[in-house]
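Worksheet for the structure shown next.
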Ligand SMILES: [Zn+2]
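In the numbering used here, the protein residues as written are 6 to 68.
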């Protein structure tokens, strides 16, 4: 159990966690889905995008 917790804390503070140079907050990665135009006129399909969210853009992402 103790080893598991240690691994988790290392993961959070490790290479995966990038921080914003502007606000200093750690980015949270959020998957967003948006409609984008397809090849045929009037057709749309969904596009998934991973967005890095910090204090600078959280209002834009979360609305
Ligand atoms: Zn920021």
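Built from N, CA and C at the ideal position, the CB exists for glycine as well. Being a predicted model, the structure only gives us computed values, none of them experimental.
Rounding to the nearest angstrom, what Cα-Cα distance links residue i and residue j in this structure?
{"i": "residue 28", "j": "residue 58", "result": "11 Å"}
{"i": "residue 60", "j": "residue 52", "result": "24 Å"}
{"i": "residue 56", "j": "residue 63", "result": "10 Å"}
{"i": "residue 42", "j": "residue 54", "result": "15 Å"}
Please confirm whether residue i and residue j have their CB atoms less than 8 Å apart.
{"i": "residue 32", "j": "residue 40", "result": "no"}
{"i": "residue 66", "j": "residue 24", "result": "no"}
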